[in-house]
Every structure is written in structure tokens, then in C-alpha cells.
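Going by my numbering, the first residue of the sequence shown is number 6, and it counts up by one from there.
Ideal placement from N, C-alpha and C gives every residue a C-beta, glycine not left out.
Quantities reported herein were computed from a predicted structural model and do not represent experimental measurements.
Structure first, then comments.
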Amino acid sequence: MNKTLKTILSALAIFAVVPYNLFGNSDYPFKRYSENHSDCKIESETQQENPDSIVYIAVGNHTIEMMYVKGGTYTMGCTDEQKDECWEFEEPAHIVTLDDFYIGKYEVTQGLWLGVMGNNPSIFTGNDSLPVENVSWDDCKKFIQKLNKMTGRNFRMPTEAEWEYAARGGKKSKKTKYSGSNNIDEVAWYWNRKEGAISTHKVGTKHPNELGLYDMSGNVSEWCSDLYGKYKNFSQVNPTGSIYGSERIIRGGNCASTTRLCRVSYRTMTTPNTTINRIGLRLVLTK
């Protein structure tokens with residue numbers, strides 16, 4: 006049995022602990038795990054240029070908070086604090102340099118999605134502050150296109166490299182296994198036998214990471230813009246993923262993930278039309 010097949014079978018074994026009927030999708034597990042500006046309030050350009058600022062953008066009754074991330078160079082993938090739990094597809098570790106950008110303080114909520122799209126596709130409902138889930142990559146693209154038309158901004162999904170850099174804490178990184186801590190209970194909603202039923206939780210109810218970002222290691226996994234591709238063993242500047250393939254990258258653990266799948270270097274992928282009640286998104290703005 007080759008190394009890649011062993012890796013895939015091991016991953017499937019991890020997900021077997023989660024009951025199938027919680028997800029309501031025949032594709033579970035993942036394919037490869039297996040014009041109105043009146044409602045838009047934008048903070049002044051002076052604040053946006055402040056490297057420590059938060060950009061507030063109001064959309065109807067909801068406010069999007071975008072956190073500034075100073076660009077820099079970091080090692081992406083299976084770094085020293087991850088190595089005992091890395092999968093083959095997290096290797097090789099490689100150097101990445103990124104420009105500045107803004108990223109959502111929180112995962113996109115059901116309230117914001119409803120305000121933009123007029124519907125709520127989520128399975129776990131009951132509060133507007135729960136993260137939206139059960140949305141495909143294609144759904145997220147439509148949401149962002151409509152949001153951009155409403156706000157006059159240029160929101161997008163993060164690249165995989167931007168996502169990992171932000172999850173690691175950017176230039177403020179303390180090099181922890183999870184986003185903001187080595188103690189997963191401090192920062193993530195994940196699959197924990199002690200808590201019983203699997204469900205999402207309101208965003209921002211655990212501790213943030215070094216950049217003030219919440220839920221990057223749990224709650225819902227998050228779509229990235231990239232097509233999936235194997236890592237290359239050379240330095241890159243502002244990488245945007247593979248130019249070939251059909252599957253999109255997903256990052257971050259979720260409320261049904263084991264601890265191993267909540268690490269900042271863990272990555273997976275699936276087809277862009279897949280919907281599962283533990284995949285959502287987080288927004289990015291280029292500075």
C-alpha cells in the first residue's frame with residue numbers, strides 16, 4: 006500500500022467517528038477527504054490606511070468588520086509545531102511572501118447572508134450570529150458578487166496562503182498549533198465528546214488569535230479561492246493556487262472536526278458545488 010493511499014484511508018478513518026446522518030449530503034465525506042449603496046457605510050480612508058485599523062462596512066442592519074493584516078514572509082505548510090500530526094498533502098513546507106490585505110474578523114454570519122441573498126441555506130439555525138453553512142463555493146461567489154454590487158467594494162474569498170498566514174497570526178505569530186493557542190479549547194469549536202451534540206456556535210465566542218480573528222480553527226470550515234494543487238518546494242510571492250484541477254481548497258476545522266483537523270496547516274478540498282453543513286466562508290479585501 007503506497008503512502009498516499011495510507012494517508013487517504015487514515016483521513017477517512019478519522020471522519021468515521023462522526024455520524025453520517027448529521028450532514029444530510031450524499032457526497033459526505035468530502036470528495037478528496039475522501040445597485041443600491043444607501044445601506045453601505047464605509048469608514049474614512051484615513052482609518053483604512055492605518056496599519057492597526059479595523060474597516061467597518063455596514064450592509065443593512067449588519068456590520069462587516071475587516072481586520073488589517075500586514076504582509077510579510079512566512080513558512081507555509083508542515084512547520085515544526087505541526088510535524089507530529091501533518092498529512093502528506095501539507096508538505097513540503099515552503100516560503101511564501103504576501104502583500105497587505107484585510108480579512109474578516111468573523112466568519113460570514115447567517116444574518117449577513119440573509120441580508121444580502123434573501124435566504125438562509127444553513128442547517129444549524131436559530132440565531133443571526135451563527136456562521137452561515139451548507140453553502141457551496143459557487144454559492145459564495147454569487148454572494149460576494151451581490152455584496153460587491155451593494156457596497157461598491159471588492160470583497161473576495163482569501164487565497165489559501167492568505168488564509169494560513171492570517172490563521173497563524175501574521176507578523177504577530179506565536180507559532181501555535183491552532184489559530185491563537187496550543188490549547189484548542191481556548192480558540193475552537195470542534196468535535197468534543199464531552200459537549201455531546203455537534204452544532205455550530207455564535208461567531209466570536211472563543212478567544213481570538215494574535216490578529217484578533219475568531220474561529221479560524223473551528224466552528225465552520227472556510228472556502229478559499231484556490232484550485233487544489235500539491236505544494237512546491239520553492240519560494241512564492243502572492244500564490245493563488247494551482248492553474249489546473251477542478252476542486253477548491255477548504256481551510257480550518259469545524260464543529261465536527263477532530264483536533265488534528267483544526268491545525269493551522271491542515272488543508273483539504275472538494276468540488277465547488279459541494280454543500281455540507283459545516284462549510285462556510287470568511288471575506289477578504291485587498292488593501
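For Phe-106, the uninterrupted beta strand (DSSP E) run begins and ends at 106-109, by DSSP. If you compare the alpha carbons of Phe-129, Leu-103, Val-137, His-212 with that of Trp-118, the shortest gap goes to Val-137. For Ala-261, there is no enclosing alpha helix (DSSP H), as DSSP gives it neither H nor E. Counting along the chain, Glu-96 sits inside no alpha helix (DSSP H), nor does DSSP assign it H or E at all. Residue range 59-64 is occupied by the beta strand (DSSP E) that includes Ile-59.
For Tyr-73, the three-state secondary structure derived from DSSP is strand. With respect to the C-alpha of Phe-129, the residue from Lys-176, Ala-202, Tyr-183, Val-64 having the closest C-alpha is Ala-202. Cα atoms of Val-64 and Gly-209: separation of roughly 19 Å, rounded to the nearest angstrom.
In the three-state scheme derived from DSSP, where H, G and I count as helix and E and B as strand, Arg-161 is classed as strand.
Distances from the alpha-carbon of Tyr-249 to those of Asp-231, Cys-260, Ser-134 put Asp-231 closest. For Trp-142, the enclosing alpha helix (DSSP H) stretches over residues 142-156. Cα atoms of Met-274 and Lys-88: separation of roughly 21 Å, rounded to the nearest angstrom.
DSSP links Ser-247 through a beta bridge to Leu-232.
The shortest CA-to-CA distance from Asp-220 to any of Gly-285, Met-122, Asn-153 is the one to Gly-285.
Secondary structure at Arg-256: strand, using DSSP grouped into helix, strand and coil. Comparing C-alpha distances from Glu-165 to each of Tyr-233, Cys-267, Lys-75, Ser-184 shows the shortest one belongs to Tyr-233.
Here Glu-90 is actually not in contact with Arg-253; their C-beta atoms are around 24 Å apart, not less than 8 Å.
With a threshold of 16 other beta carbon atoms within 10 Å, Phe-239 falls short and is exposed.
Take the alpha-carbon of Asp-104 and the one of Asn-243: they are about 7 Å apart. Segment contact: the stretch 149-164 against the stretch 184-196, fewer than three CB-CB distances shorter than 8 Å; contact not assigned.
Between Gly-109 and Asn-66, the CB-CB gap reaches or exceeds 8 Å. One thing to note: Thr-78 has its Cβ within 8 Å of the Cβ of Thr-102. About 6 Å separates the Cβ atoms of Ser-226 and Arg-283, confirming a contact at the 8 Å cut-off. Each residue's CA atom was taken as its position, placing Cys-229 and Glu-169 some 10 Å apart. The beta carbon of Lys-176 sits closer than 6 Å to those of Lys-75, Gly-77, all from its chain and outside the five residues before and after it, given in chain order. Nearest to Tyr-73 by alpha-carbon distance, out of Ile-59, Cys-83, His-99, is Ile-59. Close CB contacts of Cys-83 within its chain, under the 7 Å cut and outside five residues either way in sequence, are with Cys-91, Glu-95, Glu-96, Ala-98, Ser-270 (chain order).
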